[in-house]
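Working notes, structure below.
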Amino acid sequence: MNKFDAQIQYLKGVGPKRASILRKMGIMTLGDLLFHLPRAYEDRTKTIKIQDGVIGEKQTFVLEVTGSPTVSRPRRGLSILQVPVRDSTGEAVMVWFNQDYLKKTFCPGQVYIVYGKLSSNRYQIQIQNPDFKLWSPDHVGSVTPVYPLTDGISNNEMKKIVAQALSEINNDIKSVVPTTYSLKRKLPSKLDSLIGVHFPKDLSHAEISRKALAYEELLLLQIGLLWFKNKSGAELEGIKFKDVRELKKFISDLPYKLTAAQIRVLQEIISDMTSNKRMNRLVQGDVGSGKTVVSAAAMVLAVLNGYQATMMAPTEILADQHFETLKDLLKTMPIRIGLLKGSMSLKSRESILNEISNGKLDIVIGTHALIQDSVKFKRLGLAITDEQHRFGVKQRIDLSGKGDLPDMLIMTATPIPRTLALILYGDLDISIIDELPPGRKQIETYAVGSDMEDRVFSFIKKQIIEGRQAYVVCPLIEEQEKLDLLSAEKTYERLTTDIFPDFSIGLIHGRMSQAEKDASMRSFKTGEMNILVSTTVIEVGVNVPNASIMLILNAERFGLAQLHQLRGRIGRGEYKSYCILINDSSNPTARERMRILQSTSDGFKIS
Numbered sequence: 030m031n032k033f034d035a036q037i038q039y040l041k042g043v044g045p046k047r048a049s050i051l052r053k054m055g056i057m058t059l060g061d062l063l064f065h066l067p068r069a070y071e072d073r074t075k076t077i078k079i080q081d082g083v084i085g086e087k088q089t090f091v092l093e094v095t096g097s098p099t100v101s102r103p104r105r106g107l108s109i110l111q112v113p114v115r116d117s118t119g120e121a122v123m124v125w126f127n128q129d130y131l132k133k134t135f136c137p138g139q140v141y142i143v144y145g146k147l148s149s150n151r152y153q154i155q156i157q158n159p160d161f162k163l164w165s166p167d168h169v170g171s172v173t174p175v176y177p178l179t180d181g182i183s184n185n186e187m188k189k190i191v192a193q194a195l196s197e198i199n200n201d202i203k204s205v206v207p208t209t210y211s212l213k214r215k216l217p218s219k220l221d222s223l224i225g226v227h228f229p230k231d232l233s234h235a236e237i238s239r240k241a242l243a244y245e246e247l248l249l250l251q252i253g254l255l256w257f258k259n260k261s262g263a264e265l266e267g268i269k270f271k272d273v274r275e276l277k278k279f280i281s282d283l284p285y286k287l288t289a290a291q292i293r294v295l296q297e298i299i300s301d302m303t304s305n306k307r308m309n310r311l312v313q314g315d316v317g318s319g320k321t322v323v324s325a326a327a328m329v330l331a332v333l334n335g336y337q338a339t340m341m342a343p344t345e346i347l348a349d350q351h352f353e354t355l356k357d358l359l360k361t362m363p364i365r366i367g368l369l370k371g372s373m374s375l376k377s378r379e380s381i382l383n384e385i386s387n388g389k390l391d392i393v394i395g396t397h398a399l400i401q402d403s404v405k406f407k408r409l410g411l412a413i414t415d416e417q418h419r420f421g422v423k424q425r426i427d428l429s430g431k432g433d434l435p436d437m438l439i440m441t442a443t444p445i446p447r448t449l450a451l452i453l454y455g456d457l458d459i460s461i462i463d464e465l466p467p468g469r470k471q472i473e474t475y476a477v478g479s480d481m482e483d484r485v486f487s488f489i490k491k492q493i494i495e496g497r498q499a500y501v502v503c504p505l506i507e508e509q510e511k512l513d514l515l516s517a518e519k520t521y522e523r524l525t526t527d528i529f530p531d532f533s534i535g536l537i538h539g540r541m542s543q544a545e546k547d548a549s550m551r552s553f554k555t556g557e558m559n560i561l562v563s564t565t566v567i568e569v570g571v572n573v574p575n576a577s578i579m580l581i582l583n584a585e586r587f588g589l590a591q592l593h594q595l596r597g598r599i600g601r602g603e604y605k606s607y608c609i610l611i612n613d614s615s616n617p618t619a620r621e622r623m624r625i626l627q628s629t630s631d632g633f634k635i636s
């Protein structure tokens, strides 16, 4: 058996209890462990003096203990250990909380290498909860990996487990990258890369090691995409649709003019569909760029040629919205549209399945329910997946398998730089809708600290009194221990009880039943609800033109693309819209991300 596949609990120093903790992080095998890579590194190779230390940052010092350790107990359950230290430039105090057992470790006159975060108050400079070891003249600092963790395992424990795994598995680590490729690009071997990424000599060693592992991963991805291209029949002859006149009439009858970008992309789609080659096309378009009407035109072309078309959405909320939008767009045409989703009653589901199989339905909108075995199309000619990043490759194959080599159209509002898109979707042709329809309101974006909360709530109250609605988005559903984050449920309770007792407030998150989510969304869309407290379940698909405010709590906990997607839920109506990001992180990267969102609304720049 490949040692990479060996169960983690049998590794020396792990055992069943620790294995269950690692399992929470998705670590089941030695391979999982070795590819659980550090999220950051702490460079402890350089020491600085106290007077040169930067408040709020972790740094390495060489310090002498100047007095006996003291322990105070300001309240029950809390002890504070303080150890006075100094160097040639100043004095400080090392501080630990509830670790008074360390008191016997320190004696006056001892010199330590200390790594910790510097803080200060009006009385003293402190180094809180530092790592330390006795200094020696031949001391050489290290670059320490910082791992993503969960409750029950420390960073030091993770380092020891990874070191043990590397020692046991090193003879079995083989690279799939040909030696000629590695030599040409000056990349280390896979074993050296894994050692370097977990235990680097310096930051440049960590970087080249990570680069080598990424190169192997991308090579495997490209091989997989080539396999998928062959498997999906992308190069096979497909359906040759006719460019019928009625499609032009559908476009001319739209209540608005298409943008130049929409027309260009639609022409690319029509060119694919009217050729002998099977279409496999990815359409990228920023939030609000008009992908839905382009996909509607493609479906109309398929139906006018006597075929069925289907669109698969990742959530029932989005499927419902597409269904309503298409019904409105196609209301003057003799095209029958159906909706298939998991929450339907058995009777409704059986009725829809019969209409799909006998061809009574021309267009079917649905969720993952579309790829179940019970779904049989009579003559599927076009299959569309929306929000492609929510689906896997297998689901794309399963959907296309519902017909005899139907054309495939994949849509995403997640902005991906073109070069990266060519790598990730090497089996697809790529179209980009890089223009927003005229009249789309610019969204004003502000990043503020929680100290501005009262002003933010006053502003939201004013907007609601004027008739608008607001989203309040949180990163968690429930409070979790040791995480200082605002949960959706706690925020809902607080807003309802303390902040906006006179307004109607709803809650929506992934653990609610579909019926509960539908009821909340329906109430918000109809205007019965003033504020909707949510997790990222509203990231895609929600279209409420009257909602003009997006308040995102703990914004530093979201990715840039996620924040941009959430912001795209507003600015869809005639009213000026505002996105407010609450960010209390002092991390320079987090602050830079907030600055980027404030400076641009271009999803491709953000990506």
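If you read the sequence shown in the working numbering, its first letter stands for residue 30, the second for the next number, and so on. Virtual Cβ for every residue (Gly too), placed ideally from N, Cα, C.
Item to check | Length of the line joining the Cα atoms of Y521 and G535 | outcome: 8 Å
Checklist entry - Since K162 is in the beta strand (DSSP E), which residue starts that stretch and which ends it? => result I154 to L163
Item to check | Residues that L622 bridges to, as DSSP identifies them | outcome: Correcting the residue type first, residue 622 is Arg in the shown sequence and not Leu. DSSP, once it has assigned bridges, lists no residue as partnering R622.
Checklist entry - Between L512 and the rest of its own chain, which residues show a CB-CB distance below 6 Å, the 5 nearest in sequence each way excluded? => result For L512, the predicted model reports a pLDDT of 46, less than 50, meaning its position is unreliable and no value from the coordinates is stated.
Item to check | Contacting residues, own chain, Cβ-Cβ under 6 Å from E464 (five flanking each side not counted) | outcome: T288 and A290
Checklist entry - Within this structure, are the beta carbons of Q498 and N572 separated by less than 8 Å? => result no
Checklist entry - When DSSP labels each residue in this structure, what does K78 get in the three-state scheme? => result coil
Item to check | Between the CA atoms of G395 and S377 - distance to the nearest angstrom | outcome: 13 Å
Checklist entry - CA-CA distance, Y70 and K546? => result 41 Å
Item to check | Same chain only: Cβ atoms within 6 Å of E621, ignoring 5 sequence neighbours per side | outcome: none
Checklist entry - Shortest alpha-carbon distance to L610 belongs to which of C503, G170, K240 and Q337? => result C503
Item to check | Anticipated Cβ contact below 8 Å, D34 with G60, distance rounded | outcome: 6 Å
Checklist entry - Can you list, in chain order, the residues of its chain whose CB lies under 7 Å from that of G96, leaving out five sequence neighbours each side? => result P113 and P137
Next on the checklist: Can you find the residues in the same chain that come closer than 7 Å, C-beta to C-beta, to T173, ignoring five residues on each side of it along the sequence?
Outcome noted: Y70, E71 and R73
Item to check | Span of the beta strand (DSSP E), counted from its first residue to its last, around R310 | outcome: N309 to G314
Checklist entry - What are the boundary residues of the alpha helix (DSSP H) that includes A35? => result First-last for A35: undefined, no H or E at that position.
Checklist entry - Looking at the structure shown, is Y521 part of a helix, part of a strand, or coil, going by DSSP? => result helix
Checklist entry - Near G42, what residues of its chain come up, given a Cβ to Cβ distance below 7 Å and the 5 sequence neighbours on each side ignored? => result K189, I190 and Q193
Checklist entry - Can you tell which of K306, G600 and L592 has the C-alpha that lies nearest to the C-alpha of I625? => result L592
Checklist entry - In whole angstroms, what is the alpha-carbon distance linking T618 and N184? => result 22 Å
Item to check | Complete alpha helix (DSSP H) runs within the region 564-597 (minimum length 4 residues, chain order) | outcome: 589-596
Next on the checklist: Need the endpoints of the alpha helix (DSSP H) that I643 sits in, please.
Outcome noted: Coverage of the chain is limited to positions 30 through 636, which leaves residue 643 absent and any answer about it impossible.
Next on the checklist: Out of N383, K278 and V273, which one is the CA nearest neighbour of D335?
Outcome noted: A small fix is needed here, since residue 335 is Gly in this sequence, not Asp. Closest by alpha carbon: V273.
Next on the checklist: Could you pull the DSSP bridge partners for S460 from this structure?
Outcome noted: V312
Checklist entry - For the beta strand (DSSP E) that G119 lies in, which residues bound it at each end? => result G119 to F126
Item to check | Per-residue DSSP class, three states only, for E86 | outcome: coil
Checklist entry - Hey, how far is the Cα of D349 from the Cα of L368? => result 8 Å
Checklist entry - DSSP puts E71 in a beta bridge; with which residues? => result T173
Next on the checklist: On the criterion of 16 or more Cβ atoms from any shown chain inside 10 Å, does G44 qualify as buried, or is it exposed?
Outcome noted: exposed
Item to check | Short Cβ contact (8 Å threshold) for D524 with V562 | outcome: Residue identity check: residue 524 is Leu in the sequence provided, not Asp. Yes, Cβ-Cβ distance for L524 and V562 is below 8 Å.
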